[in-house]
Amino acid sequence: MISYADQVISSGQPSKDSIAGLLYSSGVGKHTSLVYINRSVSAGGKVAIDTSKYIWEHKSQRPHTFSFPIACPLCAHIYPWQSIPNHLVDAPSAFMINCKTKLGDGQRCKGTWVVPACPESSAVNLLYVGTWRVM
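Residues 4 to 138 (the numbering used here) make up the sequence shown, in order.
Structure below.
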């Protein structure tokens, strides 16, 4: 909120121009979605309300803005998912990852999780920290 106060209240920037900075400076930001509601008044006095939803995305932690299930639905092991190759995450289409758990008989679990396709959105990018998707 300090960043917002400095940029919007003190410096007079439009609040919509400070959203990207707020998303990346907030420690809570990567744990929740954000809905931005902007009220504007036209020269004719007509009021318009625009909404934008910001959802955090990360190549290995939250691919295509979707969180992993905590456990494999088949073997119930916690955090069993294989690493996701970059070429799969960079593509907007859905893809499947496999459980990497070895069972008692030496076989690998056949559990899978489908990462849904990337939702239609635009990205607010900063290097190394993931991406925010604007819906």
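The beta carbon of each residue, even a glycine, is placed where N, CA and C say it ideally should be.
Looking at the secondary structure, which residues open and close the alpha helix (DSSP H) in which residue i lies?
i	result
Ile22	Ile22 to Ser28
Quick one: using the 10 Å Cβ neighbour count with 16 as the cut-off for buried, is residue i buried or exposed?
i	result
Ser124	buried
Arg136	buried
First and last residue of the beta strand (DSSP E) that includes residue i?
i	result
Leu2	This structure cannot speak to residue 2, because the chain is shown only from 4 to 138.
Leu37	Leu37 to Val44
Ala51	Val50 to Glu60
Thr68	Per DSSP, Thr68 belongs to no beta strand (DSSP E) and is neither H nor E.
Trp2	It is not possible to answer for residue 2, since the shown part of the chain is limited to 4 through 138.
Ile100	Phe98 to Asn101
Please list, in chain order, all residues of the same chain as residue i whose beta carbon is under 8 Å from its beta carbon, the five residues on each side excluded.
i	result
Cys78	Cys102, Thr104, Leu106, Cys112 and Gly114
Is it true that the CB of residue j sits closer than 7 Å to the CB of residue i?
i	j	result
Ser63	Ile100	no
Ile22	Tyr39	yes
Ala120	Ala97	yes
Val118	His80	no
Ser6	Leu25	yes
Thr84	Phe71	A small correction: the amino acid at residue 84 is Trp; Thr does not occupy that position in the sequence shown. Yes, Cβ-Cβ distance for Trp84 and Phe71 is below 7 Å.
Just checking my contact of residue i with residue j at CB under 8 Å: how many whole Å lie between their CB atoms?
i	j	result
Ser36	Lys19	With 8 Å as the limit, Ser36 and Lys19 do not qualify as a contact, their Cβ atoms being about 17 Å apart.
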